[in-house]
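Engineer: This is the structure, below, for whatever I ask next.
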Amino acid sequence: MNNTISLEETQRVKTNLDKYDKIRKYLGNDWINDNILNNRSRSSVHAIFWHLYDSHKAKLIEKWLDIIYKKNSLNIFQKIIQKIKNSKDERNFLSLLPEIEIYAYYLNLKDFKEVMYEPNLISSQKKADLKLITINDEIYIEITRIFPDEISTKREELLSNISLKLAELRHPYYIDLKIFNEFKDNDICEFIIEMDDFFKKIEHYNDYEKYSYQYIKKNTIKAEILILKKTDSSHIKIRFHMSSAQKVESSGRLKFKLIDESDQLPVGTNNVIILDIKTMLVNPDNVDEAIYGQEGIEFNKEKRIGRSVRFKNGFIHTEIGKNVGLIMSYDEYNYANRLKYVNPFAVVQLPKDLVDLL
24 MNNTISLEET QRVKTNLDKY DKIRKYLGND WINDNILNNR SRSSVHAIFW HLYDSHKAKL
84 IEKWLDIIYK KNSLNIFQKI IQKIKNSKDE RNFLSLLPEI EIYAYYLNLK DFKEVMYEPN
144 LISSQKKADL KLITINDEIY IEITRIFPDE ISTKREELLS NISLKLAELR HPYYIDLKIF
204 NEFKDNDICE FIIEMDDFFK KIEHYNDYEK YSYQYIKKNT IKAEILILKK TDSSHIKIRF
264 HMSSAQKVES SGRLKFKLID ESDQLPVGTN NVIILDIKTM LVNPDNVDEA IYGQEGIEFN
324 KEKRIGRSVR FKNGFIHTEI GKNVGLIMSY DEYNYANRLK YVNPFAVVQL PKDLVDLL
């Protein structure tokens with residue numbers, strides 16, 4: 024890919040900045056010009072550039088900063104602005120973004136007496152991300168973004184490439200697609216050709232909903248596809264599923280991330296962890312298993328039967344997990360649609376009205 028940002032891309036960012044001009048006001052015209060508009064290098068431009076390139080994201084960033092500016096002390100606001108400026112690379116900026124989104128969200132509610140950013144904890148060097156104060160309760164919140172590891176990153180690239188190629192086929196179907204670990208980059212071309220032939224074949228049948236397809240090479244199943252129904256558009260719409268091995272790997276990584284984040288929270292208080300899971304390889308099923316334990320089959324050798332069980336190997340079954348009463352997960356820029364997971368084994372149980380409020 025060309026390392027130079029095109030004039031069209033820069034112009035689009037400039038247009039969005041003109042439209043959402045409070046971003047200019049808060050970050051400063053000189054800083055915007057030096058770090059965003061006049062920097063034409065993809066490798067060195069500030070990561071916020073690509074978020075401002077998206078009009079919807081730019082609108083939300085302006086909204087969040089405006090809430091924080093209007094409902095906070097100048098010192099806290101300037102601290103957040105400086106953190107944005109210092110978070111030049113993508114990983115640092117993506118780590119900061121959920122803090123800004125969620126902080127603004129709770130500041131904008133009228134249910135809290137105070138919403139504190141990075142409060143110091145008494146008799147401790149730890150520092151939670153947020154502290155929410157109601158008439159009767161105090162809630163400490165730790166916020167984290169889930170990043171794929173090196174293997175998962177490569178897999179995300181593979182799934183993205185498959186999605187782009189399937190979209191080019193322009194067949195009007197919803198499909199469930201499971202890609203196994205054995206599927207490699209050099210399988211994509213042949214897989215797409217076979218899928219194209221398969222879709223053309225089923226177009227002649229009325230009972231297409233019953234069709235499934237397996238991509239097999241050298242007696243190894245590399246992909247499984249289930250055709251759900253036709254779409255109203257001319258494009259394929261894909262829902263990816265993980266193999267059992269991939270689910271175990273992803274859930275295990277999430278569990279250890281929760282353990283790490285728990286260490287930042289005080290003991291014996293209303294504690295919450297919030298996960299930003301904006302990645303193709305982490306979904307609500309993975310979060311559920313990381314928290315409550317993996318699902319599997321337990322076999323009775325004598326009766327030769329098996330039953331579905333939930334193994335006691337989730338975050339809530341760990342000693343440190345007892346210090347967290349609630350875990351929530353969401354996709355970036357979409358905190359309003361968060362999912363909530365209550366910990367029944369927490370030492371301090373959050374009251375139901377508090378869980379509902381959060």
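Counting from 24, one number per residue, gives the positions in the sequence shown under our numbering.
For glycine and all other residues, C-beta sits at the position ideal for the given N, C-alpha and C.
Since the model is a prediction, treat every value here as computed from it, not as a measurement.
Taking a contact to mean a Cβ-Cβ separation below 7 Å, would you say M180 touches I156 in this structure?
Structural biologist: As a first step, residue 180 is located in the sequence shown; it is residue number 157 there, counting from the start. As a first step, residue 156 is located in the sequence shown; it is residue number 133 there, counting from the start. Residue 180 is actually Glu in this sequence, not Met. No, Cβ-Cβ distance for E180 and I156 is not below 7 Å.
Engineer: For K223, name the three-state secondary structure that DSSP assigns.
Structural biologist: Within the sequence shown, numbered from 1, the residue matching residue 223 stands at position 200. In this structure, K223 counts as helix in the three-state DSSP scheme.
Engineer: Using the Cα positions of E205 and Y238, report the straight-line distance between them to the nearest angstrom.
Structural biologist: Within the sequence shown, the letter at position 182 stands for residue 205. Within the sequence shown, the letter at position 215 stands for residue 238. So the alpha carbons of these two residues sit roughly 11 Å apart.
Engineer: Are the region 59-71 and the region 98-114 touching by the rule of at least three beta carbon pairs closer than 8 Å?
Structural biologist: yes
Engineer: With a cut-off of 8 Å, do at least 3 Cβ pairs link the region 307-317 to the region 181-192?
Structural biologist: The region 307-317 vs the region 181-192: no contact.
Engineer: Of the choices S64, K150 and N56, whose alpha-carbon is the least far from that of N26?
Structural biologist: Within the sequence shown, numbered from 1, the residue matching residue 26 stands at position 3. Taking only the C-alpha atoms, the option nearest N26 is S64.
Engineer: For S352, which residues in the same chain have their Cβ closer than 6 Å to its Cβ, ignoring the five residues on either side in sequence?
Structural biologist: Position 329 of the sequence shown holds residue 352. Result list for S352: L298, I300, V310 and L362, in chain order.
Engineer: Answer yes or no: do I282 and V347 have a C-beta to C-beta separation smaller than 7 Å?
Structural biologist: Translated into the one-based positions of the sequence shown, residue 282 becomes position 259. Translated into the one-based positions of the sequence shown, residue 347 becomes position 324. No, they are not a contact pair.
Engineer: Taking the alpha-carbon positions, what's the K42 to T243 distance?
Structural biologist: Counting from 1 along the sequence shown, the entry for residue 42 is found at position 19. Counting from 1 along the sequence shown, the entry for residue 243 is found at position 220. Approximately 53 Å, taken between the alpha carbons.
Engineer: Use the C-beta contact count for D57: other C-beta atoms within 10 angstroms, 16 or more gives buried, fewer gives exposed.
Structural biologist: Along the sequence shown, one-based indexing puts residue 57 at 34. Classification of D57: exposed, given that the 10 Å Cβ count is below 16.
Engineer: Is the separation between the beta-carbon of I85 and that of I125 shorter than 7 Å?
Structural biologist: Sequence index remark: in the sequence shown, residue 85 carries index 62 (1-based). Sequence index remark: in the sequence shown, residue 125 carries index 102 (1-based). Reading off the sequence shown, one finds Glu at residue 85, where the question assumed Ile. For E85 and I125, no; Cβs fall outside 7 Å.
Engineer: How should Y36 be labelled, buried or exposed, when 16 other C-beta atoms within 10 angstroms of its C-beta is the threshold for buried?
Structural biologist: As a first step, residue 36 must be located in the sequence shown, where it is residue number 13. Residue identity check: residue 36 is Val in the sequence provided, not Tyr. By the neighbour-count rule (16 or more Cβ atoms within 10 Å), V36 is buried.
Engineer: When you compare the CB positions of I123 and W87, do they come within less than 7 Å of one another, or not?
Structural biologist: The residue given as residue 123 occupies position 100 in the sequence shown. The residue given as residue 87 occupies position 64 in the sequence shown. Yes, the pair counts as a contact, with Cβ atoms nearer than the cut-off.
Engineer: Residue range of the alpha helix (DSSP H) that E191 falls in?
Structural biologist: The sequence position of residue 191 within the sequence shown is 168, counting from 1. It is not in any alpha helix (DSSP H) - E191 carries neither H nor E in the DSSP assignment.
Engineer: Relative to the C-alpha of S274, which candidate in Y236, D308 and R178 has its C-alpha closest?
Structural biologist: On the sequence shown, residue 274 is found 251 positions in, with the first residue counted as 1. Nearest option by C-alpha distance: D308.
Engineer: Please classify N209: is it buried, with 16 or more other beta-carbons within 10 angstroms of its beta-carbon, or exposed?
Structural biologist: Sequence index remark: in the sequence shown, residue 209 carries index 186 (1-based). With fewer than 16 Cβ atoms within 10 Å of its Cβ, N209 is classed as exposed.
Engineer: Which of the three DSSP states, helix, strand or coil, is assigned to T33?
Structural biologist: In the sequence shown, counting from the first residue as 1, residue 33 sits at position 10. Secondary structure of T33 (DSSP, three-state): helix.
Engineer: Measure the alpha-carbon distance for K149 versus D286 and round it to whole angstroms.
Structural biologist: Position 126 of the sequence shown, counted from the start, is the residue given in the question as residue 149. Position 263 of the sequence shown, counted from the start, is the residue given in the question as residue 286. Near 8 Å, if we compare the C-alpha coordinates of D286 and K149.
Engineer: Just to check my reading of the structure: Y140 and I99 have Cβ atoms closer than 8 Å, yes? What is that Cβ distance to the nearest angstrom?
Structural biologist: Translated into positions along the sequence shown, residue 140 becomes position 117. Translated into positions along the sequence shown, residue 99 becomes position 76. Confirmed, about 5 Å.
Engineer: Taking just the CA atoms, how far does L381 sit from L130?
Structural biologist: The residue labelled residue 130 in the question sits at position 107 within the sequence shown. The residue labelled residue 381 in the question sits at position 358 within the sequence shown. Their backbone Cα atoms lie some 12 Å apart in a straight line.
Engineer: Please determine, among L40, K94, S331 and L288, the residue with the shortest C-alpha to C-alpha distance to K80.
Structural biologist: For the purposes of this step, residue 80 is taken as the residue at position 57 of the sequence shown. Among L40, K94, S331 and L288, the Cα nearest to that of K80 belongs to L40.
Engineer: On the CB-based measure, 16 or more other CB atoms within 10 Å of its CB, does F338 come out buried or exposed?
Structural biologist: As a position in the sequence shown, residue 338 is number 315, starting the count at 1. Under a 10 Å Cβ-count criterion, F338 is classified as buried, with 16 or more other Cβ atoms of the shown protein chains found around its own Cβ.
Engineer: Comparing C-alpha positions only, which one of H227, Y236 and E226 sits nearest to I215?
Structural biologist: Within the sequence shown, the letter at position 192 stands for residue 215. Ranking H227, Y236 and E226 by Cα distance to I215 puts Y236 first.
Engineer: With DSSP as the reference, label Q105 as helix, strand or coil.
Structural biologist: For the purposes of this step, residue 105 is identified with residue 82 of the sequence shown, where counting begins at 1. Three-state DSSP puts Q105 in a helix.
Engineer: With burial defined as no fewer than 16 other Cβ atoms inside 10 Å of the residue's Cβ, what is the status of D379: buried or exposed?
Structural biologist: Against the sequence shown, residue 379 aligns to sequence position 356. Classification for D379: exposed.
Engineer: Excluding the five sequence neighbours on either side, which residues of its own chain have a C-beta within less than 7 Å of the C-beta of N360, listed in chain order?
Structural biologist: Taking the sequence shown and counting its residues from 1, the one referred to as residue 360 is at position 337. Counting only Cβ-Cβ distances below 7 Å, and skipping sequence neighbours, we find Y353.
Engineer: Please report the Cβ distance between E165 and E284, rounded to the nearest whole angstrom; I am assuming they are in contact, meaning their Cβ atoms lie under 8 Å.
Structural biologist: In the sequence shown, residue 165 corresponds to position 142, counting from 1. In the sequence shown, residue 284 corresponds to position 261, counting from 1. Confirmed, Cβ separation roughly 5 Å.
Engineer: Roughly how many angstroms separate the alpha carbons of A246 and P374, rounded to a whole number?
Structural biologist: Here residue 246 is taken as the residue at index 223 of the sequence shown, counted from 1. Here residue 374 is taken as the residue at index 351 of the sequence shown, counted from 1. Spanning the two alpha carbons is a distance of roughly 45 Å.
Engineer: With a 10 Å radius around its C-beta and 16 neighbouring C-beta atoms as the bar for buried, classify N61 as buried or exposed.
Structural biologist: Numbered from 1 along the sequence shown, position 38 holds the residue referred to as residue 61. Answer is exposed; the Cβ neighbour count stays below 16.
Engineer: Under 7 Å, do L117 and R168 count as touching if we go by C-beta distance?
Structural biologist: Sequence index remark: in the sequence shown, residue 117 carries index 94 (1-based). Sequence index remark: in the sequence shown, residue 168 carries index 145 (1-based). Yes.
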